[in-house]
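There are 2 protein chains.
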Amino acid sequence: MDSAPMPTATRARTKVTAIPGDGIGPEVMRATQQVLAAAGAEVEWEEALAGAEAFRRGIAAGAPQETLDSIARTGVVLKGPLETPVGYGEKSANVALRKTFEMYGNVRPVRELPGIRTPFSGRGVDFVVVRENVEDVYAGIEHMQTPGVAQCLKLITEVGCERITRLAAAVAQAEGRRKVTVATKANIMKLTEGMLKRIGEQVLAEYPGLQHEHMIVDNCAHQMVIRPEQFDVTVMTNMNGDILSDLAAGLVGGLGVAPSANLGDEAAMFEAVHGSAPQIAGKGVANPTALLLSALMMLRHIGDFATARRIEHALYVTLEEGKDLTGDIAREGEGVPTAVYVERIIANLGRESGAVPEREYRPIALKRWPQITWYRAASTRELVGVDVFVESERDPRAISITLQAAAEGSAFDLTMIGSRGAQVWPDIGGHSFLVDHFRARFMFKEPPKGNGIAEITDLLQRIGRQHNWMHIEKLQRFDGADAFSKA
Amino acid sequence: MDSAPMPTATRARTKVTAIPGDGIGPEVMRATQQVLAAAGAEVEWEEALAGAEAFRRGIAAGAPQETLDSIARTGVVLKGPLETPVGYGEKSANVALRKTFEMYGNVRPVRELPGIRTPFSGRGVDFVVVRENVEDVYAGIEHMQTPGVAQCLKLITEVGCERITRLAAAVAQAEGRRKVTVATKANIMKLTEGMLKRIGEQVLAEYPGLQHEHMIVDNCAHQMVIRPEQFDVTVMTNMNGDILSDLAAGLVGGLGVAPSANLGDEAAMFEAVHGSAPQIAGKGVANPTALLLSALMMLRHIGDFATARRIEHALYVTLEEGKDLTGDIAREGEGVPTAVYVERIIANLGRESGAVPEREYRPIALKRWPQITWYRAASTRELVGVDVFVESERDPRAISITLQAAAEGSAFDLTMIGSRGAQVWPDIGGHSFLVDHFRARFMFKEPPKGNGIAEITDLLQRIGRQHNWMHIEKLQRFDGADAFSKA
Numbered sequence: 391m392d393s394a395p396m397p398t399a400t401r402a403r404t405k406v407t408a409i410p411g412d413g414i415g416p417e418v419m420r421a422t423q424q425v426l427a428a429a430g431a432e433v434e435w436e437e438a439l440a441g442a443e444a445f446r447r448g449i450a451a452g453a454p455q456e457t458l459d460s461i462a463r464t465g466v467v468l469k470g471p472l473e474t475p476v477g478y479g480e481k482s483a484n485v486a487l488r489k490t491f492e493m494y495g496n497v498r499p500v501r502e503l504p505g506i507r508t509p510f511s512g513r514g515v516d517f518v519v520v521r522e523n524v525e526d527v528y529a530g531i532e533h534m535q536t537p538g539v540a541q542c543l544k545l546i547t548e549v550g551c552e553r554i555t556r557l558a559a560a561v562a563q564a565e566g567r568r569k570v571t572v573a574t575k576a577n578i579m580k581l582t583e584g585m586l587k588r589i590g591e592q593v594l595a596e597y598p599g600l601q602h603e604h605m606i607v608d609n610c611a612h613q614m615v616i617r618p619e620q621f622d623v624t625v626m627t628n629m630n631g632d633i634l635s636d637l638a639a640g641l642v643g644g645l646g647v648a649p650s651a652n653l654g655d656e657a658a659m660f661e662a663v664h665g666s667a668p669q670i671a672g673k674g675v676a677n678p679t680a681l682l683l684s685a686l687m688m689l690r691h692i693g694d695f696a697t698a699r700r701i702e703h704a705l706y707v708t709l710e711e712g713k714d715l716t717g718d719i720a721r722e723g724e725g726v727p728t729a730v731y732v733e734r735i736i737a738n739l740g741r742e743s744g745a746v747p748e749r750e751y752r753p754i755a756l757k758r759w760p761q762i763t764w765y766r767a768a769s770t771r772e773l774v775g776v777d778v779f780v781e782s783e784r785d786p787r788a789i790s791i792t793l794q795a796a797a798e799g800s801a802f803d804l805t806m807i808g809s810r811g812a813q814v815w816p817d818i819g820g821h822s823f824l825v826d827h828f829r830a831r832f833m834f835k836e837p838p839k840g841n842g843i844a845e846i847t848d849l850l851q852r853i854g855r856q857h858n859w860m861h862i863e864k865l866q867r868f869d870g871a872d873a874f875s876k877a
Numbered sequence: 391m392d393s394a395p396m397p398t399a400t401r402a403r404t405k406v407t408a409i410p411g412d413g414i415g416p417e418v419m420r421a422t423q424q425v426l427a428a429a430g431a432e433v434e435w436e437e438a439l440a441g442a443e444a445f446r447r448g449i450a451a452g453a454p455q456e457t458l459d460s461i462a463r464t465g466v467v468l469k470g471p472l473e474t475p476v477g478y479g480e481k482s483a484n485v486a487l488r489k490t491f492e493m494y495g496n497v498r499p500v501r502e503l504p505g506i507r508t509p510f511s512g513r514g515v516d517f518v519v520v521r522e523n524v525e526d527v528y529a530g531i532e533h534m535q536t537p538g539v540a541q542c543l544k545l546i547t548e549v550g551c552e553r554i555t556r557l558a559a560a561v562a563q564a565e566g567r568r569k570v571t572v573a574t575k576a577n578i579m580k581l582t583e584g585m586l587k588r589i590g591e592q593v594l595a596e597y598p599g600l601q602h603e604h605m606i607v608d609n610c611a612h613q614m615v616i617r618p619e620q621f622d623v624t625v626m627t628n629m630n631g632d633i634l635s636d637l638a639a640g641l642v643g644g645l646g647v648a649p650s651a652n653l654g655d656e657a658a659m660f661e662a663v664h665g666s667a668p669q670i671a672g673k674g675v676a677n678p679t680a681l682l683l684s685a686l687m688m689l690r691h692i693g694d695f696a697t698a699r700r701i702e703h704a705l706y707v708t709l710e711e712g713k714d715l716t717g718d719i720a721r722e723g724e725g726v727p728t729a730v731y732v733e734r735i736i737a738n739l740g741r742e743s744g745a746v747p748e749r750e751y752r753p754i755a756l757k758r759w760p761q762i763t764w765y766r767a768a769s770t771r772e773l774v775g776v777d778v779f780v781e782s783e784r785d786p787r788a789i790s791i792t793l794q795a796a797a798e799g800s801a802f803d804l805t806m807i808g809s810r811g812a813q814v815w816p817d818i819g820g821h822s823f824l825v826d827h828f829r830a831r832f833m834f835k836e837p838p839k840g841n842g843i844a845e846i847t848d849l850l851q852r853i854g855r856q857h858n859w860m861h862i863e864k865l866q867r868f869d870g871a872d873a874f875s876k877a
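Take a look at the structure:
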């Protein structure tokens, strides 16, 4: 049960930054605001600019300072789709807003809607994908290693894993859900993906009301198609979550009806996941359902559970009856204009639908993270070697000879040469086809006396006489354990 | 139409390495071999060991030398599921076999089967996922950057992109397909994922009989659920392909009926994708369909199109009629033992099914890659700076002061500090929560005279007096373009 509505007189209106955005954005925003107003949502809108117009005005991040100021002030955003015009901007305005306000958690409810026919209709699909939103390969830190070999860094942090897991647990608690599935590729990436598995399991053990399980992420994608009913809340790193949340949206009608929230300590941004659909923009036929469902998440976020419930029931009644739907979801005919669909939802306010899952909503209890540079101390640290990535057109044996000669008289022994994660020297068979990018592993003959930098820079100069190196990684041990993969 | 069967007398028997594997592996292998023998496949099996038993014998890669020798001799493998017992092996035997023989292409047909009911039945889903198999984050090259920050390298090569795209084109041509969809995350990872987009589009333009398109990979996952009929052949990097191929298998009945091939220059390995199912091993009830479908791919690979066609029709007739199916796919009752299912398929040899897609198969024309260390030369190269990754618990402004002081008098200027891909110095707002891992970008004040190593090692020593650095990337320009991302 939602909590009972509070008398209007005692409720302050909550300020919310509204970013209509591009394409159909202004139309679906207006439609959503009309429904919220008719339902009596105590929201005061601050309209703000972001997207194509901002880029064209020369604002590199796609959002002017006034918009950032408004978000900093209100802490709550409802946002339409944003475009990055071709030729502008290194990153999208969406990514910029998420990063500026460290909205580290992306929450994507995946719930069957009445009247939206899919191959999974009637099975009661109802789960939430929680996706880490600021780390992983998504950071886009890339370096060409050689003219034909590109590298991107996948960075995962313990605190990032803890934050996203606690958010998943908070989402589960806020919606009375019982299980959290941590989905990772820990079997292949033991340190990065394995970190979410390890931290996720540790953190979730603190929530006795929640069951938790781990699932390999490719199996999770498979299971979402085979038996989506089994999921309740899932949590994933950024790139995996990107793919699986879009997959999941497809199970219940697609991006046109998929809401989302981006949550952080300083701000929460609610947005439709779909694009700006420029081909139908301005025609008054866009479907505002995704943004309206996002607005319901927003109303619950600001504590207005009763209004969210009123609108949710009216929307479900409208979808169930199937009259006056927009063209993309109409069950017969060509569909009606956005305005007629909105009128119908408003007319249905006060009606109750049996299709809305009975759920006791509470606010999402986000842990507040201190404004610091986070770190974890290690009780012991050792520097045991260095991986030097070299460019060479030669074969591994030839490379081993010059590298061993280079290391002669240095503090290091060459112990292994690898190519894309496979050992190619000492020879263990196979690998007749190679690329000009090799990792040479050098281990200290004996532990360095000081910080080891003199020894490493000496080695780099020796190697540099014969080989072009482009990338160095120290090999460390933390708390007595190797802090690097073997191969 | 398949080509007409050649008279047996003129056909040599092709040697194939059979690896029964673990759990239900021996049962499904025996079943598959029985069907092939009954259909007159001209195959001579060399049985070989890999998996749990090999690990227990102390063979770190999970496959003894005799097995590797057999594969090197035959060049063709049919393989059951392999286990890695807990506590053994850094990598699975599957991965080891793929890497040893550089089987760079994973081919996963996704085709609706008669009588296997799924939410997508009747829509004629029929496409192929081609996944790069040896590069990407799958290489598992990981380094802890600080005690709480893990890193994995995502490595993508031009030649790897070319090879996998040519394989996708060859698969399309071998099966008379018309379209190849290149699915990447090029919008976020311009150098790595963007490489597959760029090379893929270049290579596919050489095949006038094939249409090609690019799709963002998360949208591709969404489209596979929304409208899987649109796909013909898709091609992806390793991790994305891992997830999307398992998703796709779910559309047509799941891993229990999903065949696959791993292709390379030196060997081709055909295997079921499912696990070893130890809970039903030895009970004689396992479903051999996935391995049998894999064996059909193998028969076509060795040019025995007629036998493949005979078995495919018999299998489809069996599935359509629905009598004598194993428990996992039985439409009523508890299902029959493996042996009864196999007898039924054999009894149906010679019958024709209308459900088998009419398709003119040709051998997959794999380009043979030279046994070299591949490289691409750049016409010009410049070394313009270095990214130094430092560990620090301080805030970005404090770090910038010490780093600038360290660079004072060096060949470099500090131009930027980033945290997980976002600029945090000079300050552009936001980012109150940070981790102890920062990237400091140093640009040469003027182009270095020599190879720049003396200047870099000087900088590293200066920085090392105040900061712990653990990772270095040279900033290069190839052919006049920045070979690194801006942020």
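Chains as they are written, first to last, in my numbering: chain X, 391 to 877; chain S, 391 to 877. C-beta atoms are modelled at their ideal positions from N, C-alpha and C, and glycine is treated no differently. Everything numeric in this text was worked out from a predicted model, so none of it was measured.
Please look up how many angstroms separate the CB atoms of residue i and residue j, rounded, as I've assumed it's under 8 Å.
i: residue 677 of chain S; j: residue 716 of chain S; result: 4 Å
i: residue 574 of chain X; j: residue 604 of chain X; result: 7 Å
i: residue 520 of chain S; j: residue 500 of chain S; result: Their Cβ separation, rounded to whole angstroms, is 11 Å, which puts residue 520 of chain S and residue 500 of chain S out of contact at 8 Å.
i: residue 679 of chain X; j: residue 646 of chain X; result: 7 Å
i: residue 736 of chain X; j: residue 705 of chain X; result: About 10 Å; that fails the 8 Å criterion.
i: residue 792 of chain X; j: residue 857 of chain X; result: 7 Å
Tell me whether the beta-carbon of residue i lies closer than 8 Å to the beta-carbon of residue j.
i: residue 763 of chain S; j: residue 539 of chain X; result: no
i: residue 688 of chain S; j: residue 466 of chain S; result: yes
i: residue 863 of chain S; j: residue 776 of chain S; result: yes
i: residue 551 of chain S; j: residue 586 of chain S; result: yes
i: residue 439 of chain S; j: residue 454 of chain S; result: yes
i: residue 878 of chain X; j: residue 580 of chain S; result: The question about residue 878 of chain X has no answer, for chain X in this structure spans 391 to 877.
i: residue 683 of chain X; j: residue 649 of chain X; result: yes
i: residue 738 of chain S; j: residue 652 of chain S; result: no
i: residue 590 of chain S; j: residue 616 of chain X; result: no
i: residue 778 of chain X; j: residue 853 of chain X; result: yes
i: residue 492 of chain X; j: residue 654 of chain X; result: yes
i: residue 663 of chain X; j: residue 518 of chain X; result: no
DSSP beta-bridge partners for residue i?
i: residue 409 of chain X; result: X/469
i: residue 802 of chain S; result: S/834
i: residue 499 of chain X; result: X/518
i: residue 649 of chain S; result: S/662
Please state whether DSSP places residue i in a helix, a strand or coil.
i: residue 713 of chain S; result: coil
i: residue 858 of chain X; result: strand
i: residue 446 of chain S; result: helix
i: residue 864 of chain S; result: strand
i: residue 581 of chain S; result: coil
i: residue 611 of chain S; result: helix
i: residue 813 of chain X; result: strand
i: residue 660 of chain X; result: strand
i: residue 738 of chain X; result: coil
i: residue 623 of chain X; result: strand
i: residue 345 of chain X; result: Only positions 391 to 877 of chain X appear in this structure, which leaves residue 345 of chain X out of reach.
i: residue 400 of chain S; result: For residue 400 of chain S, the predicted model reports a pLDDT of 49, less than 50, meaning its position is unreliable; a value from the coordinates is still stated below. Helix at residue 400 of chain S.
i: residue 603 of chain X; result: strand
Point to revise | the stretch 831 to 839 of chain X / the stretch 794 to 813 of chain X touching (three or more Cβ pairs under 8 Å) | key: yes
Exercise for review: Evaluate the contact criterion for the stretch 467 to 479 of chain S versus the stretch 660 to 675 of chain S: three or more CB pairs, one atom per stretch, below 8 Å.
Suggested key: yes
Check your understanding: Taking one C-beta from the stretch 554 to 569 of chain X and one from the stretch 744 to 753 of chain X each time, how about it: are there three or more such pairs within less than 8 Å?
Key -> yes
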